[in-house]
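Chains A, B and C, in that order, give the protein sequences. First residue of the first sequence: 101, per my numbering; consecutive thereafter. First residue of the second sequence: 21, per my numbering; consecutive thereafter. First residue of the third sequence: 577, per my numbering; consecutive thereafter.
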Amino acid sequence: EEWRLNNFLPETRPESAQIEQFTADVNAALADKDFTLTHYPGGSLGIKNTDLLRVLPKGAVEMSLMWSNYLGRDAPALSSVFVQGAISTVEELKAVLPVAQEIYTEEYNDWGVTTVGFVAIPTLSVSVFCADKPVNSLEDLNGVKLRVWAREQVETFTNLGVSAQIIPQEETYVALKTGVVDCALYPALYAHTISLQEVTSYASFLYPMASAPYSLGVATDKWEATDPEIREAIVTAADALWERTNQYDKDFELELAAREKLSEMGVTWGEDFPESDRALFLDAVSETWAMLAEEAGGNAMDYRQRVLTALGR
Amino acid sequence: MLWANLIGIMVATASTGVALGAALGLTGLVLLQVYSNGATSLAVDAIWSVFNSFTLSAVPLFILLGEILLRSGVSSRAYTALAPVFRRVPGGLLHTNIAVCTLFGAVSGSSLSTAAAVGSVAYPEMTKRGYDKDMIVGSLAGGGTLGLLIPPSLSFLIFGALTETSIGRLFVAGILPGLMIGAMFMAYIFVRSLRNPQLAPHDTSRQSLGAIIVGFGQVWPLLVLVLAVIGSIIGGIATPTEAAGIGVVLAAIISSIWGDLTLRKLLDAIFHSTLLFAAIGFVVLGATILAQSVSILGVPQQILNVVADSGLDRYSILLIVVLVYLILGCFFDGLSLMIMTLPVVFPLLTGLGFDPIWIGVLITIVIEIGQVTPPVGLNLSVLASLTNNEISLGRVAKATVPYWGIHLFAVVVLTAFPIIALFLPNLLF
Amino acid sequence: MRAARKYFAQGLEVLALAMALLASLAMVGIVAIIVTGVTMRRFFNTPLHITEDVVGLMLSAVLFLGLPLVTFRSQHVRVSIVAEALKARFDTAMRIAAMLVGVLFFGWILLESIPWFEFAWKRGLKTETARLLLYPWMAVLPLSIGLTWVIYLARLLGLLDAERHGKLEELPTIAPAQKDG
Ligand code: NA
Ligand code: NA
Numbered sequence: 101e102e103w104r105l106n107n108f109l110p111e112t113r114p115e116s117a118q119i120e121q122f123t124a125d126v127n128a129a130l131a132d133k134d135f136t137l138t139h140y141p142g143g144s145l146g147i148k149n150t151d152l153l154r155v156l157p158k159g160a161v162e163m164s165l166m167w168s169n170y171l172g173r174d175a176p177a178l179s180s181v182f183v184q185g186a187i188s189t190v191e192e193l194k195a196v197l198p199v200a201q202e203i204y205t206e207e208y209n210d211w212g213v214t215t216v217g218f219v220a221i222p223t224l225s226v227s228v229f230c231a232d233k234p235v236n237s238l239e240d241l242n243g244v245k246l247r248v249w250a251r252e253q254v255e256t257f258t259n260l261g262v263s264a265q266i267i268p269q270e271e272t273y274v275a276l277k278t279g280v281v282d283c284a285l286y287p288a289l290y291a292h293t294i295s296l297q298e299v300t301s302y303a304s305f306l307y308p309m310a311s312a313p314y315s316l317g318v319a320t321d322k323w324e325a326t327d328p329e330i331r332e333a334i335v336t337a338a339d340a341l342w343e344r345t346n347q348y349d350k351d352f353e354l355e356l357a358a359r360e361k362l363s364e365m366g367v368t369w370g371e372d373f374p375e376s377d378r379a380l381f382l383d384a385v386s387e388t389w390a391m392l393a394e395e396a397g398g399n400a401m402d403y404r405q406r407v408l409t410a411l412g413r
Numbered sequence: 021m022l023w024a025n026l027i028g029i030m031v032a033t034a035s036t037g038v039a040l041g042a043a044l045g046l047t048g049l050v051l052l053q054v055y056s057n058g059a060t061s062l063a064v065d066a067i068w069s070v071f072n073s074f075t076l077s078a079v080p081l082f083i084l085l086g087e088i089l090l091r092s093g094v095s096s097r098a099y100t101a102l103a104p105v106f107r108r109v110p111g112g113l114l115h116t117n118i119a120v121c122t123l124f125g126a127v128s129g130s131s132l133s134t135a136a137a138v139g140s141v142a143y144p145e146m147t148k149r150g151y152d153k154d155m156i157v158g159s160l161a162g163g164g165t166l167g168l169l170i171p172p173s174l175s176f177l178i179f180g181a182l183t184e185t186s187i188g189r190l191f192v193a194g195i196l197p198g199l200m201i202g203a204m205f206m207a208y209i210f211v212r213s214l215r216n217p218q219l220a221p222h223d224t225s226r227q228s229l230g231a232i233i234v235g236f237g238q239v240w241p242l243l244v245l246v247l248a249v250i251g252s253i254i255g256g257i258a259t260p261t262e263a264a265g266i267g268v269v270l271a272a273i274i275s276s277i278w279g280d281l282t283l284r285k286l287l288d289a290i291f292h293s294t295l296l297f298a299a300i301g302f303v304v305l306g307a308t309i310l311a312q313s314v315s316i317l318g319v320p321q322q323i324l325n326v327v328a329d330s331g332l333d334r335y336s337i338l339l340i341v342v343l344v345y346l347i348l349g350c351f352f353d354g355l356s357l358m359i360m361t362l363p364v365v366f367p368l369l370t371g372l373g374f375d376p377i378w379i380g381v382l383i384t385i386v387i388e389i390g391q392v393t394p395p396v397g398l399n400l401s402v403l404a405s406l407t408n409n410e411i412s413l414g415r416v417a418k419a420t421v422p423y424w425g426i427h428l429f430a431v432v433v434l435t436a437f438p439i440i441a442l443f444l445p446n447l448l449f
Numbered sequence: 577m578r579a580a581r582k583y584f585a586q587g588l589e590v591l592a593l594a595m596a597l598l599a600s601l602a603m604v605g606i607v608a609i610i611v612t613g614v615t616m617r618r619f620f621n622t623p624l625h626i627t628e629d630v631v632g633l634m635l636s637a638v639l640f641l642g643l644p645l646v647t648f649r650s651q652h653v654r655v656s657i658v659a660e661a662l663k664a665r666f667d668t669a670m671r672i673a674a675m676l677v678g679v680l681f682f683g684w685i686l687l688e689s690i691p692w693f694e695f696a697w698k699r700g701l702k703t704e705t706a707r708l709l710l711y712p713w714m715a716v717l718p719l720s721i722g723l724t725w726v727i728y729l730a731r732l733l734g735l736l737d738a739e740r741h742g743k744l745e746e747l748p749t750i751a752p753a754q755k756d757g
């Protein structure tokens, strides 16, 4: 039997290499069984990641990587578990992860999807990249057209009086090049993937971002009908995958290396946004979080409360 | 077995002469039912996602823009003024199709909208002037593909993001090959028309140079429009997709000042372009279901993996990869083909020592070939729609074969002289 | 009986036409919202956040609402080569086969689209950014697909005249064609 593992991340991402390793582990453990797991990175199976909660339970693909933040249309409560910027340190992240994993497992269960494992996302530093002039305070951001990538960011920046606009990833390059937007919010670690260094000259760090982990899901009826030995091998390999990715010691080092590399390619790194601005930003994020949870309704308020409790807030 | 079913059902349903979209879609539904555990509900999700797209909105808007110019007489006067300029050139106004597609490529990111925009004006204007219909549609379907090579280009943006290669270098790398292919298209038109002058009738009206220059004054409203649309992008006022919307408003303004656009004609233009888009969109819809039904099985990747493991030398592998794209091009259209195949093809070709930027240009050309390979070749469907099926899909496909061949020849030239793609990026970055 | 058949055909055409007019309205809406968005961003520094969502929804509306009339007027892109070749001997058989494919495809999609629509409706799903309620927009899909299915079925059962493939000279306009240029 062959299982396909759908992965929407580009093959070049470190996470994809980890998932490739996971696949190899499973296949090695089940070498004498009639079972192979095949990894399809880069979204090459053609499944929209926003549709996963519809596709996966139907058994159209056996296993898939899922990210709660992409699933907000079908499961609005999921998008208010982790709100960007609300969780910033590794300590906070570690406190929240068990609760978050519990919430995702429950919610996906309701959709007929069994969570067989998780993939952690490195903690990221989100910076403001600008084309023509250095921007490193909220005051500077006033009157600047800022590209963001998620609705929660639009809400937060609008609260702060900054005119933020969502521009899809594939249009960001041209938008910055031509001046449709002046600046873009982006993690330095991934900036080169959209060639940001070619269209911006200045960057400053604004906020740290801890992200919800990715989940590995299998349709529940499929999972329950699967040979226990196969299940065992998958879960073991997934645990190892989690252990490998749930490491944050090197994140800051990697961030600095990424900035260094961007500098070599012509991006000037300015001073970080001041602490006072970051405090204002955090307040705005809190407000957004409350607002989103309320708006989503259903389990969202409960999820938020559980995360807040874990954070001790 | 899958391929036998796919081809069998597709051929059987399509040859009944039913709407192509229904034939493709039904084939896809059957494949989903049989090979994907009955997950036919995916079809509805897939078609909803594909049209829920901001980027795709450029296609109907560019058709509308063309309709406005057509009905207001602005384009007619421009062509009349241009005709004497091309009097002595074999191929005449056919060359403008290629030139305008190249220019338009600088505005639009996709070959679908390029073919739609230029075709909606050029086809009626040139048939009126007695040009050979097959030559017209061939040059338009072929010329439309330049939209992907000339920056900005959707395929380079997606390629860059998926492979972490420089988008700036990719954009610049597309320029020379794009101009080269455009020049080859023109050379082909020139030679064909030289041997058979009937294809492009000579403008027999004798005009003095002065009259030509005066007549040229008729071209400038169109020029203003094109410059304004390009300017709105370069000036940072609008993204390429938004520029299509801006272009429509500008076209309406220009056409009511310098043309005879009436409210009635404007309404007709809107209504007609809506129906045209629905007809084209229905083919896209069917193609989407078919692509989803096959891509979810991972079949193209499996085929390419076999190629990767074959242990052949680099040029043999390149040849087989191109052949695989040519075959897959029958069933899939451009971008979905790229996303499906890139995770295997990119590491395979870089591993063999090909330059990543060069690979980007190569893949863009082969998926352009897919855009003009029937039955799922959207450029062909656009043209068949624009002629209201007066030129059937099959006839458009046949008329486009020479351009298909030129693309293939360009692949050979680029393989022999990779510098054509790499010269500008090496110079500028 | 003949009168009933005529009214039925007219009724279908009026419905299809009404949908197509709504589709045209959506097309105008796309232009309007894009131009408004660009203006607001450029001159008032307040970008519209709903542009992308709304344009996407309106584009779906243009396609689906336009579909019945395109079908009614037989303006689809099709592969005619085989059908033309077999016309002399198997004209009726080919026409029936074609209508059958249409009935099967639209019927199948219609069946799939009902639970799909119901899902969005019951859960009150909204677009991600603009938080627009999705089901009123999603309703265009089953409605248009349903009407198109009825058109194919009616042709198959002989309640509508067979497809007649038009010529370019009959450029579709809201009213009968007018010559210009
Ligand atoms: Na282009
Ligand atoms: Na094709």
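Ideal Cβ placement from N, Cα and C applies to all residues, glycine included.
Where residue i falls: helix, strand or coil (DSSP)
i, result
"residue 128 of chain B", "coil"
"residue 117 of chain B", "helix"
"residue 218 of chain A", "strand"
"residue 102 of chain A", "strand"
"residue 59 of chain B", "coil"
"residue 340 of chain B", "helix"
"residue 333 of chain A", "helix"
"residue 39 of chain B", "strand"
"residue 170 of chain B", "coil"
"residue 651 of chain C", "coil"
"residue 361 of chain A", "helix"
"residue 245 of chain B", "helix"
N-terminal and C-terminal residue of the beta strand (DSSP E) that residue i is part of
i, result
"residue 277 of chain B", "First-last for residue 277 of chain B: 260-278, but that is the alpha helix (DSSP H), not the beta strand (DSSP E)."
"residue 247 of chain A", "246-248"
"residue 184 of chain A", "Careful: residue 184 of chain A lies outside any beta strand (DSSP E) and carries neither H nor E."
Spatially closest choice to residue i from the options, by CA coordinates
i, options, result
"residue 405 of chain A", "A:276, A:125 and A:183", "A:183"
"residue 101 of chain A", "A:132, A:116, A:114 and A:118", "A:132"
"residue 395 of chain A", "A:193, A:181, A:103 and A:108", "A:181"
"residue 334 of chain B", "B:91, B:371, B:26 and B:93", "B:371"
"residue 152 of chain A", "B:74, B:73, B:66 and B:72", "B:66"
"residue 643 of chain C", "B:429, B:293 and B:232", "B:293"
"residue 355 of chain B", "B:390, B:344, B:379 and B:341", "B:390"
"residue 314 of chain A", "A:295, A:346, A:388 and A:328", "A:346"
"residue 253 of chain B", "B:233, B:125, B:54 and B:431", "B:125"
"residue 247 of chain A", "A:324, A:277 and A:330", "A:277"
"residue 252 of chain A", "A:408, A:386 and A:130", "A:386"
Test: residue i CB closer than 9 Å to a CB of chain A
i, result
"residue 703 of chain C", "yes"
"residue 826 of chain C", "Limits of chain C in this structure are 577 at one end and 757 at the other, which puts residue 826 of chain C out of reach."
"residue 665 of chain C", "no"
Proximity test, Cβ basis, 9 Å: residue i and chain B
i, result
"residue 222 of chain A", "no"
"residue 160 of chain A", "yes"
CB contact below 9 Å: residue i versus chain C
i, result
"residue 395 of chain A", "yes"
"residue 388 of chain B", "no"
"residue 176 of chain A", "yes"
Residue i: first and last residue of the uninterrupted alpha helix (DSSP H) it sits in
i, result
"residue 201 of chain A", "190-210"
"residue 577 of chain C", "Segment: none, residue 577 of chain C is in no alpha helix (DSSP H) and carries neither H nor E."
* To do: Please name the residues in the segment 616-650 of chain C whose beta-carbon is closer than 8 Å to at least one beta-carbon of chain A, in chain order.
  => 617, 621, 622, 623, 625 and 628
* Could you run through the segment 261-294 of chain A and flag, in chain order, every residue whose CB is less than 7 Å away from some CB of chain C? => 263, 265 and 266
* Asked: Between the segment 323-345 of chain B and chain A, which residues of the former have a C-beta closer than 7 Å to a C-beta of the latter?
  -> none
* Contact list for the segment 182-200 of chain B against chain A, Cβ threshold 7 Å -> 182, 183, 184, 186, 187 and 188
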